[in-house]
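There are 2 protein chains.
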Amino acid sequence: MDAAIIAIGSELLTPEKIDTNSLYLTERLNARGVEVVLKMVVGDNRQRLVAAMRHALAAADLLILSGGLGPTEDDVTRDAVADLCGRALIFDPGVLEAIEERFRRLNRPMAEINRRQAYVIPGAHILPNSRGTAPGQWVEHNRQHILLLPGPPVELKTMFEAHCLPRLDALLPAQVIRTRQYRVAGMAESDLDQLISPIYSKYKNPATTILAAPGDIQIHLRARCATEAEAEALLAEVGDPIAELLGNRIYSRNGDPLEKVVGDLLKQRSWTLAVAESCTGGMLGERITSVPGSSNYFAGGFLTYSYEAKTKLLGIDSALLEEHKAVSAPVAQAMAEAARQLLGTHFGVSITGVAGPDPGPETEPPGVFYVGLASASSCQAKRFQWAPGDRHRIRVIATQSALDLLRRALIS
Amino acid sequence: MDAAIIAIGSELLTPEKIDTNSLYLTERLNARGVEVVLKMVVGDNRQRLVAAMRHALAAADLLILSGGLGPTEDDVTRDAVADLCGRALIFDPGVLEAIEERFRRLNRPMAEINRRQAYVIPGAHILPNSRGTAPGQWVEHNRQHILLLPGPPVELKTMFEAHCLPRLDALLPAQVIRTRQYRVAGMAESDLDQLISPIYSKYKNPATTILAAPGDIQIHLRARCATEAEAEALLAEVGDPIAELLGNRIYSRNGDPLEKVVGDLLKQRSWTLAVAESCTGGMLGERITSVPGSSNYFAGGFLTYSYEAKTKLLGIDSALLEEHKAVSAPVAQAMAEAARQLLGTHFGVSITGVAGPDPGPETEPPGVFYVGLASASSCQAKRFQWAPGDRHRIRVIATQSALDLLRRALIS
Chain A
41 MDAAIIAIGS ELLTPEKIDT NSLYLTERLN ARGVEVVLKM VVGDNRQRLV
91 AAMRHALAAA DLLILSGGLG PTEDDVTRDA VADLCGRALI FDPGVLEAIE
141 ERFRRLNRPM AEINRRQAYV IPGAHILPNS RGTAPGQWVE HNRQHILLLP
191 GPPVELKTMF EAHCLPRLDA LLPAQVIRTR QYRVAGMAES DLDQLISPIY
241 SKYKNPATTI LAAPGDIQIH LRARCATEAE AEALLAEVGD PIAELLGNRI
291 YSRNGDPLEK VVGDLLKQRS WTLAVAESCT GGMLGERITS VPGSSNYFAG
341 GFLTYSYEAK TKLLGIDSAL LEEHKAVSAP VAQAMAEAAR QLLGTHFGVS
391 ITGVAGPDPG PETEPPGVFY VGLASASSCQ AKRFQWAPGD RHRIRVIATQ
441 SALDLLRRAL IS
Chain B
41 MDAAIIAIGS ELLTPEKIDT NSLYLTERLN ARGVEVVLKM VVGDNRQRLV
91 AAMRHALAAA DLLILSGGLG PTEDDVTRDA VADLCGRALI FDPGVLEAIE
141 ERFRRLNRPM AEINRRQAYV IPGAHILPNS RGTAPGQWVE HNRQHILLLP
191 GPPVELKTMF EAHCLPRLDA LLPAQVIRTR QYRVAGMAES DLDQLISPIY
241 SKYKNPATTI LAAPGDIQIH LRARCATEAE AEALLAEVGD PIAELLGNRI
291 YSRNGDPLEK VVGDLLKQRS WTLAVAESCT GGMLGERITS VPGSSNYFAG
341 GFLTYSYEAK TKLLGIDSAL LEEHKAVSAP VAQAMAEAAR QLLGTHFGVS
391 ITGVAGPDPG PETEPPGVFY VGLASASSCQ AKRFQWAPGD RHRIRVIATQ
441 SALDLLRRAL IS
């Protein structure tokens, strides 16, 4: 079965708003082997919505509509589906009762206008809305399925989970979907793809998707089979050689971001961490502390953005700074070690680099950064160079590289 | 003139990817008074794309296509438009020459497959691609306009700015669009709307759009008139009373984010800044240093995530911490003042709070934070309380509140 999704609402045709319900719906549908072949966004216009639905139903037997179920004149989805099916809307006292009950529970008066939401397509299966006023509807028409869902994401998701997925599963042939994922830090997408595409490109099942963000690549495998054993065997056939090739470049197999993986490793070992940041200006600390409970292992750190701050806060010798400049291996090492000692932690991690666009007073060009890593037994620094241009991207990659260097030290 | 936009690419029908080109295009079109009435996403399927274009051209006379111009068999946009127009693609030696020249400049061999990109719709106006291989095409068919643009955003934007907007402006009736915008920190959207909706809701022209992000609200006014004077008069009629009501809660009138506004104020006065962060863990420093040139005024700071770090790094009296707890006005003040003194700056700003979800050892509940602000002449702290729940949201609002408190001090 193929699906089409239409998001309804004039605000979704402005430069500021985007339909994201379709991403959630696609994920849920794909997990059941239903492909989305078409997405549309139309404004609050009854005739245009009817035309869009006709077009969509020529491509897909499952049509999911989101939005346009509110109580105002602008909310045209119910009327448009009635037009499409050639049926007149009917008033459903049970639906009105549910809406009134909701208002009573919230201790608010129901406006007369909300009665509009109690009109339904004859023959529709009503989908209760536990998070809002407008019920959804599941309409069968010419052996095709049209789902009317509310636009607010929390209402749509709650309704879809509780009342649509069970009905959908009953329609679909029995099959099993199993997935695997790997997350890899610090590789360029083209390098990674060159390495692993000889493996995965021979297979349509499992399907392989590669998602690249700065310094972070996700590999998703999805197998669809009649039995769980077959699906797992296929995942192993493709996933195991990929995992072997990538080795410890894989930092996560469950989707956790790198800061969570590093945090878990530190927590398991009861180790603590301090940081010293220059060009990233706090982004490394921000990522580490984005994980709830990070106070168990993160002591704190230093933002030494200027030369003077490096001297004053970390006690770095100004002769060292003058000789090597701030963006250098010796200074990265000194920063990491000073952070570790000053905060009395097991590890110290530092970043110093040129985020750009201007080179500043450094001899290294924009796009170059050093990561320093200090422990009780050793102190190292590693140089990284990426194509410059986007200040934010370089800073994200620098924090990713720092977290990954620490991760490798923690598991070695 | 109305417009429709079709994004082409099977990857845009997965749960991970979303078409964002249409947001940029909509912004540019709206600024010229062209409304987008329909958006679609279709996969790499020639027949389906032809059907989608037919549907779109029934609703709009300007159809913009993005994607599907690459060199592979999957790239079907050229062929589909040729099908739609009933014309056969022709080989354009000039286009091939431009593609070959690009490869020469990049010192890379051109694959034979790239010749596919030199096929054009007969009669099309060719749109040069300065950022990639595939040229765009502007096709007129039955007095309607079909634009074939590349999918990568940087290529699409560069091409649209340089080669599409001038042609589009020549097609449109003469009119003037003028805009105003205000950015406001630290107000809830509902409070702001209650304050200003009595003013703007009486007007359809200028159109008012309100965009709310955590702790940050943007108000956009857009007037469309025959003359510039009329447009400016309308903007003044609506914008001036809004600006008066909001007063110095408005931090920007040109779209600059708060960290840039604060940075400019500091730079103008040759003042310097240091920070001390607890619950935000580096986010404040990260935001300040996201502005290129921030080294002119940002000295650095301290991430004092633990009680121990507050004592060791900032020298805060542990008796003070025990008496008031870390999330308190006296500790916020002490943090700001210590950061200022240790780094020898004009200002020190601190944040200490409970980001949640857990309350931790504090007496204040999640969602509460204090901002401290120290200068040579004074030291203050302010308490903020927001609905808890989302850790990231609370941290963003905390940095926003800290930057705004500093901004008010700088302009007072």
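These protein sequence lines are chains A and B, in that order.
Residue numbering for the first sequence is 41 to 452, as defined by our numbering.
Residue numbering for the second sequence is 41 to 452, as defined by our numbering.
Idealized CB from N, CA, C, for every residue including glycine.
Quiz item: Is the beta carbon of B:Arg-218 less than 8 Å from the beta carbon of B:Glu-299?
Solution: In this structure, B:Glu-299 does not lie closer than 8 Å to B:Arg-218 by Cβ.
Quiz item: Which same chain residues, not among the five before or five after B:Leu-52, have their C-beta less than 6 Å away from its C-beta?
Solution: The residues Asp-59, Val-81, in chain order, have a CB closer than 6 Å to that of B:Leu-52 in the same chain once the five nearest residues on each side in sequence are set aside.
Practice problem: Could you run through the stretch 375-393 of chain B and flag, in chain order, every residue whose CB is less than 9 Å away from some CB of chain A? | Solution: When CB distances to chain A are screened at a threshold of 9 Å, the residues of the stretch 375-393 of chain B falling below it are Leu-382, Leu-383, Gly-384, in chain order.
Quiz item: What three-state label does DSSP hand A:His-386 in the structure shown?
Solution: Of the three classes helix, strand and coil, the one that applies to A:His-386 here is coil, per DSSP.
Quiz item: In terms of DSSP beta bridges, what is B:Trp-178 paired with?
Solution: B:His-165, B:Leu-187, per the DSSP bridge assignment.
Self-check item: When A:Phe-424, A:Arg-156, A:Leu-450 are compared against A:Thr-439, the one with the closest alpha-carbon
Solution: Among A:Phe-424, A:Arg-156, A:Leu-450, the Cα nearest to that of A:Thr-439 is on A:Phe-424.
Quiz prompt | First through last residue of the alpha helix (DSSP H) which encompasses B:Ile-239 | solution = In the DSSP annotation of this structure, the continuous segment of the alpha helix (DSSP H) that includes B:Ile-239 starts and ends at 229-240.
Practice problem: Mind checking the stretch 350-370 of chain B against chain A and listing, in chain order, the residues whose C-beta falls within less than 9 Å of any C-beta there? | Solution: Hits within the stretch, in order: Lys-350, Lys-352, Leu-353.
Exercise. Give the residues of chain B in contact with A:Val-315, contact being defined as C-beta atoms less than 9 Å apart.
Key: Proximity of chain B to A:Val-315 at the Cβ level (cut-off 9 Å) is accounted for by Gly-322, Leu-343, in chain order.
Practice problem: Using three-state DSSP, classify A:Glu-75 as helix, strand or coil. | Solution: In the three-state reduction of the DSSP assignment, A:Glu-75 falls in the strand class.
Quiz item: Would you call the stretch 135-154 of chain B and the stretch 76-94 of chain B touching, i.e. three or more CB-CB distances under 8 Å?
Solution: Because the criterion of three Cβ pairs below 8 Å is not met, the stretch 135-154 of chain B and the stretch 76-94 of chain B do not touch.
Quiz item: Going along chain A in order, which residues have a C-beta closer than 7 Å to the C-beta of B:Gly-191?
Solution: Those within 7 Å of B:Gly-191 in chain A number zero; the least Cβ separation is about 15 Å.
Quiz item: Taking Cβ-Cβ distances shorter than 9 Å, what residues in chain A pair up with B:Pro-332?
Solution: Residues of chain A whose Cβ lies closer than 9 Å to the Cβ of B:Pro-332 are, in chain order, Ala-395, Gly-396, Pro-397, Asp-398, Arg-431.
Quiz item: Using the beta-carbon count (16 or more within 10 Å), is A:Leu-261 buried or exposed?
Solution: By the neighbour-count rule (16 or more Cβ atoms within 10 Å), A:Leu-261 is buried.
Quiz item: How about A:Gly-107 and A:Gly-176: do their beta carbons lie closer than 8 Å?
Solution: In this structure, A:Gly-176 does not lie closer than 8 Å to A:Gly-107 by Cβ.
Quiz item: For B:Glu-199, which residues in chain A fall below 8 Å Cβ to Cβ?
Solution: Correcting the residue type first, residue 199 of chain B is Met in the shown sequence and not Glu. Those do not exist, as B:Met-199 stays about 18 Å from chain A at its closest Cβ, beyond 8 Å.
Quiz item: Taking contact to mean at least 3 C-beta pairs separated by less than 8 Å, is the stretch 144-155 of chain A in contact with the stretch 224-240 of chain A?
Solution: With the cut-off at 8 Å, the stretch 144-155 of chain A and the stretch 224-240 of chain A do not touch.
Exercise. Would you mind stating whether A:Thr-385 and A:Ala-314 have Cβ atoms separated by less than 8 Å?
Key: Going by C-beta atoms, A:Thr-385 is nearer than 8 Å to A:Ala-314.
Exercise. Run the proximity test for A:Leu-235: is its beta-carbon closer than 7 Å to any non-hydrogen atom belonging to the ligand HEM?
Key: Only the bare structure without any ligand can be found here, which leaves the ligand HEM out of the picture.
Quiz item: Which chain B residues sit within Cβ distance under 9 Å of A:Lys-79?
Solution: Those within 9 Å of A:Lys-79 in chain B are Ala-47, Leu-52, Leu-53, Asp-59, Lys-79, Met-80, Val-81, Val-82.
Exercise. Report back the beta-carbon spacing between A:Ala-376 and A:Ala-427 to the nearest angstrom; my notes put them in contact at under 8 Å.
Key: With a Cβ gap of about 26 Å, A:Ala-376 and A:Ala-427 do not count as contacting.
Exercise. Kindly list the residues whose CB is nearer than 6 Å to the CB of B:Ile-356, restricted to its own chain and excluding five residues on each side of it in sequence; keep chain order.
Key: Lys-350, Ala-374.
Exercise. Decide if A:Leu-188 is buried, meaning its Cβ has at least 16 other Cβ atoms within 10 Å, or exposed.
Key: A:Leu-188 counts as buried, since at least 16 other C-beta atoms from the protein chains shown sit within 10 angstroms of its C-beta.
Exercise. Identify the contact partners of A:Glu-56 in chain B, using a Cβ-Cβ distance below 7 Å as the criterion.
Key: Those within 7 Å of A:Glu-56 in chain B are Thr-249, Leu-251.
Quiz item: Using a C-beta cutoff of 8 Å, does A:Ala-100 count as contacting chain B?
Solution: A:Ala-100 does not count as touching chain B.
Practice problem: Kindly list the residues whose CB is nearer than 7 Å to the CB of A:Ser-50, restricted to its own chain and excluding five residues on each side of it in sequence; keep chain order. | Solution: Within the same chain, A:Ser-50 has close Cβ partners Gly-83, Asp-84.
Practice problem: Return the first residue and the last residue of the beta strand (DSSP E) that B:Ala-43 is part of. | Solution: Run containing B:Ala-43: 42-48, per the beta strand (DSSP E) assignment.
Quiz item: Can you give the beta carbon distance from B:Arg-447 to B:Val-301, rounded, assuming they're within the 8 Å contact cut?
Solution: At roughly 6 Å, the Cβ-Cβ gap stays under 8 Å, so B:Arg-447 and B:Val-301 are in contact.
Quiz item: Looking at chain B, which residues of the stretch 64-76 of chain A have a Cβ within less than 7 Å of any of its Cβ atoms?
Solution: Near chain B, meaning a CB-to-CB distance below 7 Å, the residues of the stretch 64-76 of chain A are Thr-66, Glu-67, Asn-70, Val-76.
Quiz item: DSSP three-state call for B:His-80: helix, strand or coil?
Solution: It is Met, not His, that sits at residue 80 of chain B in the sequence shown. B:Met-80 falls in the strand class under three-state DSSP.
Self-check item: Within-8 Å CB hit, B:Phe-143 to chain A
Solution: Not an interface residue.
Quiz item: Short check: CB of B:Leu-306 to CB of B:Glu-317, under 8 Å?
Solution: No, the Cβ-Cβ distance between B:Leu-306 and B:Glu-317 is not below 8 Å.
Quiz prompt | Proximal residues of chain B, C-beta to C-beta of A:Ile-328 below 7 Å | solution = Neighbours of A:Ile-328 on chain B, chain order: Gly-321.
Practice problem: Express the C-alpha separation of A:Met-150 and B:Gln-215 in angstroms, rounding to a whole number. | Solution: Those two C-alpha atoms are separated by around 45 Å.
Quiz item: Any beta-carbon of chain A closer than 8 Å to the one on B:Ser-237?
Solution: Closer than 8 Å: no.
Quiz item: Is B:Gln-157 buried or exposed, if buried means 16 or more other CB atoms sit within 10 Å of its CB?
Solution: With 16 or more Cβ atoms within 10 Å of its Cβ, B:Gln-157 is classed as buried.
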